[in-house]
Amino acid sequence: MLNRYKRNTVLMLLLIVLQTTTSDINQTSSARHVTNFRGYKVLRIFPKNPQDLRCVLTIESHVRNVDFWSEPRTIGQTVDIMVPPGQFTQTINYLNDRKIHFDILIEDVQRLLNMQKVVEVPQQLNRRIFSLFSFAKFNPTPTLSMSWTRYHRLNTIYNYMTRVAEKFPDVAKVITIGKTYEGRQIQVIKMGRQTNKWKPAIWIDGGIHAREWISPATVTFMIEQLVIASLQGSSKYLDEMDWYFLPVANPDGYEYTHTSSRMWRKNRAVTSNLFCRGVDLNRNFGHFWNVGGSSNRPCAEDYAGPSAKSELETKAMTQFISSHNTTIKMYITTHSYGQLWLTPWGYTSKIPNDYEELHQLATRGAQAIKSVYGTTYTIGTSTNVLYIASGGSDDWAKGAAGIKYSYTLELRDRGRYGFLLPPNQINQTARETWEGIKALADFLTSVKY
Ligand code: 0X9
Ligand code: ZN
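The opening position of the sequence shown corresponds to residue 4 in this note's numbering, with each subsequent residue numbered one higher.
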């Protein structure tokens, strides 16, 4: 009996050691539970030849706890990494020894994080403050308790969606499309005036990657713009088309970035490795899944999952979109950062047959964005502009769901703040993006179906 007990204990210990050692030298700091980023710096590296690129790739195994904010895949493409204070000297020595050029993008990550702190005023108090100062004049939907001057928690976003649907039932409806690993609802809001005639629709999601906070904030802004449009009478954006908004596609991950680890990217599913949670949802979609630019290692930031569409969040999205693919004519997924307007494919450097049309429409969108505050976007296929990364939602939307116009938008900025875009840029980012989206909507409503 004792022997069996001992043997089991030894086996357990062995398993733990094995899991720890295989759980990656490459396990990054964002995957761990880091709560204070004081002294963490972000470096921008400029690999100029294949050898530089190889060295940058192996930084992970030379320097512990480095977190890649962008991926080292293409020469000429910069790579941003976050380095903990204890590893800073080692990292710059490593780069200097190999004569690889770099700049310091962010001196102290914690300082930026402090600027992002979310202090949610309780809903009721919030409403009272709004009515007290009669903000109604400036904010047409004051009682809906949403703003674009700070980043919000999931429940605030969901409450906002619910209120929009309650107050404007003729143009808005909340649909729960599934549940997450941790049991949260995955909520879509459908917008558009109800009619008996067929209308084309556009799908817009945000927050597939948990730490890209500007993305859900921008999507909720679009909802608000349609609410405002409905208050102003008739609008072709509501009368001639429908919208499906999924502001937070990865609710568990999003909440985790608010409560525990700001730099978390994946969902929060338990994996085959006891020590590493999360699947990269943007590697989990099922069109040429896991054929390049994704990982089989559960500890990796770009872990593709055990199989295509293995994740509840991916399943919910693909089931819903597939069942509406006769109306959904455009698929837009918002990420950050980089100011890129990306078209499929992300799994191959080949370009789609209709690339010319996709590019033309993207140019319209990018021009509309630029016309607002001068923000410039780079347009191209994901693989060619960025890097190869298979299992993305955009590839699936086009390749599997048959939605011709499928885009990934990497919102502001180009790396000055990266994922930590200060709240005072939310409004401008959302405003300019909305102009870009409207340019697409104009096209959508002008096509004969
Ligand atoms: O790597 C990604 O998933 C996206 N970039 S991010 O920095 N937001 O993580 C780009 C995805 C582009 N689309 C495909 N590769 N399919
Ligand atoms: Zn992303």
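Every residue gets a Cβ at the ideal spot worked out from N, C-alpha and C, and that includes glycine.
Predicted, not measured: the structure shown is a model, and the values here were computed from it.
Under the 8 Å Cβ criterion, the region 194 to 204 counts as touching the region 229 to 242, having at least three qualifying pairs. Counting only residues whose CB is nearer than 7 Å to a non-hydrogen atom of ligand 2, the list in chain order is 211, 212, 215, 285, 338, 339. Residue 280 carries a strand assignment under DSSP once its states are collapsed to helix, strand and coil. Placement of the Cβ of residue 349 at a distance of less than 6 Å from at least one heavy atom of ligand 1 is found. Taken through DSSP and simplified to helix, strand or coil, residue 329 comes out as coil. The three-state secondary structure of residue 295, taken from DSSP, is coil.
Counting only the Cα atoms, residue 47 lies some 6 Å from residue 81.
The secondary-structure analysis by DSSP pairs residue 189 across a beta bridge with 181. The shortest CA-to-CA distance from residue 406 to any of 383, 329, 379 is the one to 329. With a cutoff of 6 Å, residue 397 counts as near ligand 1, since its C-beta is closer than that to a heavy atom of the ligand.
For residue 54 and residue 41, the gap between their C-alpha atoms comes out near 32 Å. Here the region 382 to 392 does not lie against the region 420 to 428, with fewer than 3 beta-carbon pairs under 8 Å apart. Per DSSP, the unbroken alpha helix (DSSP H) holding residue 227 starts and ends at 217 to 234.
Judged by their CB atoms, residue 207 and residue 171 are not nearer to each other than the 7 Å cut-off. Here residue 57 is exposed, its C-beta having fewer than 16 other C-beta atoms within 10 Å. Taking a 10 Å sphere around the C-beta of residue 235, we find fewer than 16 other C-beta atoms and assign the residue as exposed.
Not one heavy atom of ligand 1 is found less than 6 Å from the C-beta of residue 378. Closest by C-alpha distance to residue 65, out of 44, 49, 98, is 98. Judged by DSSP in its simplified three-state form, residue 198 adopts coil rather than helix or strand. Between residue 365 and residue 289, the beta carbon gap of about 24 Å keeps them out of contact (Cβ cut-off 8 Å).
Residue 314 is not a Cβ neighbour of residue 273, given a cutoff of 7 Å. Between the C-alpha atoms of residue 217 and residue 162 there is a straight-line separation of about 19 Å. Burial state of residue 368 is buried, judged by a 10 Å Cβ sphere holding 16 or more other Cβ atoms. About 4 Å separates the CB atoms of residue 409 and residue 334; that is less than 8 Å, so the two are in contact. DSSP places residue 74 in the coil class of the three-state scheme, outside both helix and strand. A residue is called buried once 16 or more other Cβ atoms fall within 10 Å of its Cβ, and residue 101, having fewer, is exposed. In the DSSP assignment, residue 206 forms a beta bridge with 247, 334.
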